[in-house]
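To start, the structure itself, in structure tokens.
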Amino acid sequence: MKSNFKELMMQAVFFIAACASVLAVVLICVFLFANGLPAMGKIGVFKFLLGTKWKPGNDIFGIFPMILGSIYVTAGAIVIGVPVGILTSVFMAEYCPKKIYRPLKMATELLAGIPSIVYGLFGALFFVSTLKWKLSLMAGACTLAIMVLPVILRTTEEALMSVPDSYREGSFGLGAGKLRTVFKVVLPSAIPGILSGVILAIGRIVGETAALIYTAGAATKVAGGLFESGRTLAVHMYSLSREGLHTDQTYATAVVL
Numbered sequence: 008m009k010s011n012f013k014e015l016m017m018q019a020v021f022f023i024a025a026c027a028s029v030l031a032v033v034l035i036c037v038f039l040f041a042n043g044l045p046a047m048g049k050i051g052v053f054k055f056l057l058g059t060k061w062k063p064g065n066d067i068f069g070i071f072p073m074i075l076g077s078i079y080v081t082a083g084a085i086v087i088g089v090p091v092g093i094l095t096s097v098f099m100a101e102y103c104p105k106k107i108y109r110p111l112k113m114a115t116e117l118l119a120g121i122p123s124i125v126y127g128l129f130g131a132l133f134f135v136s137t138l139k140w141k142l143s144l145m146a147g148a149c150t151l152a153i154m155v156l157p158v159i160l161r162t163t164e165e166a167l168m169s170v171p172d173s174y175r176e177g178s179f180g181l182g183a184g185k186l187r188t189v190f191k192v193v194l195p196s197a198i199p200g201i202l203s204g205v206i207l208a209i210g211r212i213v214g215e216t217a218a219l220i221y222t223a224g225a226a227t228k229v230a231g232g233l234f235e236s237g238r239t240l241a242v243h244m245y246s247l248s249r250e251g252l253h254t255d256q257t258y259a260t261a262v263v264l
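Quick note on the working numbering: the sequence shown kicks off at 8 and runs consecutively.
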């Protein structure tokens, strides 16, 4: 009876924790949509989403340049960061000697603990100043690619380690080499875990502000290319909140984001 009571109590605790997590998500969504949708309706949905100019003084509110900026930065960071992260994870999980593995693992953990504002400072000093890319979407994408590497590394390595050894042994037994086994057997089996890491990385990229302010800038016009300054939706929200002049537009941008 006592063990059953403890079991029921722990089930209740777990259930309450799960409900609290779901409730937090629901409250955030309700709050954003309750404030953002009416604001978007006042501006005009298509006018707000597809407008290419942001001139609050003339009551012109278009966030299409910010949407494009978010897409450019996210795509650039993923294209650069994902291959590097996956290849590094393959080395750590399949090839890395034990003497090198521990310091390499510590380095990736340290990389995960660096504040985003420090990444922004590094990007400003290296990509913007040293490489003379100026404030550009490319500088922001490269900075964020470095920033999300630990997320991709962790999830990819765990996914690779979770592939049963019988898969590798079967491949070796059929005469396949190490490289073919990794790319034909191990990596395809680990794709679900790798994709979860990519999704987490995208979530961090889309919501980042501090690193992008120092690297990508905050221009509200449509960027003509990756080497021009641009503003993402998250940076746009931060700028509007800091000014405190366009609260409705801030909520509407939050709904889009």
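Note that the Cβ used here is the ideal one computed from N, Cα and C, for glycine as well. Every value quoted in this text rests on a predicted model; they were computed, and no experiment measured them.
In terms of residue numbering, what span does the alpha helix (DSSP H) encompassing aspartate 172 cover? Here residue 172 refers to the residue found at position 165 when the sequence shown is read from its first residue. Taken as a continuous stretch (DSSP letters only), the alpha helix (DSSP H) holding aspartate 172 covers 172-180.
Of the residues Thr162, Leu39 and Phe68, the one placed nearest glycine 51, counting alpha carbons only: Here residue 51 refers to the residue found at position 44 of the sequence shown. Ranked by Cα distance from glycine 51, the options Thr162, Leu39 and Phe68 are led by Phe68.
Contact between the segment 166-181 and the segment 111-129 is defined here as three or more beta-carbon pairs at a separation below 8 Å; is this criterion met? They do not touch, by the three-pair rule.
Who are the Cβ neighbours of serine 123 in its own chain at under 7 Å, not counting the five residues just before and after it? Residue 123 sits at position 116 when you count from the first residue of the sequence shown. If we look at serine 123 and ignore the five residues flanking it on each side, its Cβ neighbours are Met154, Glu215, Ala217 and Ala218.
Taking all protein chains shown into account, decide if serine 169 is buried (16 or more other Cβ within 10 angstroms of its Cβ) or exposed. Here residue 169 is taken as the residue at index 162 of the sequence shown, counted from 1. So serine 169 counts as exposed.
In three-state terms, what does DSSP make of phenylalanine 68? Stepping through the sequence shown from its first residue, residue 68 is reached at position 61. Phenylalanine 68 falls in the strand class under three-state DSSP.
Anyone know if the C-beta pair for valine 213 and glycine 43 falls short of 7 Å? Along the sequence shown, one-based indexing puts residue 213 at 206. Along the sequence shown, one-based indexing puts residue 43 at 36. For valine 213 and glycine 43, no; Cβs fall outside 7 Å.
Residues bridged to tryptophan 61 (per DSSP): Translated into the one-based positions of the sequence shown, residue 61 becomes position 54. In the DSSP output, where bridge partners are listed per residue, tryptophan 61 has Phe68.
For the segment 156-175 against the segment 243-258, do three or more pairs of beta-carbon atoms, one drawn from each stretch, fall closer than 8 Å, so that the two count as touching? The segment 156-175 and the segment 243-258 do not touch, with fewer than 3 CB-CB distances between them shorter than 8 Å.
Ignore the nearest five residues each way along the sequence and tell me which others in isoleucine 209's own chain have a CB closer than 8 Å to its CB. As a working note, residue 209 is residue 202 in the sequence shown. Answer for isoleucine 209: Thr81 and Ile85, listed in chain order.
Buried or exposed: where does phenylalanine 12 fall if 16 or more other Cβ atoms within 10 Å of its Cβ makes it buried? For the purposes of this step, residue 12 is taken as residue 5 along the sequence shown, with counting starting at 1. Its Cβ having fewer than 16 others within 10 Å, phenylalanine 12 is exposed.
What is the residue span of the alpha helix (DSSP H) that valine 242 lies within? For the purposes of this step, residue 242 is taken as residue 235 along the sequence shown, with counting starting at 1. In this chain, the alpha helix (DSSP H) harbouring valine 242 covers 240-250.
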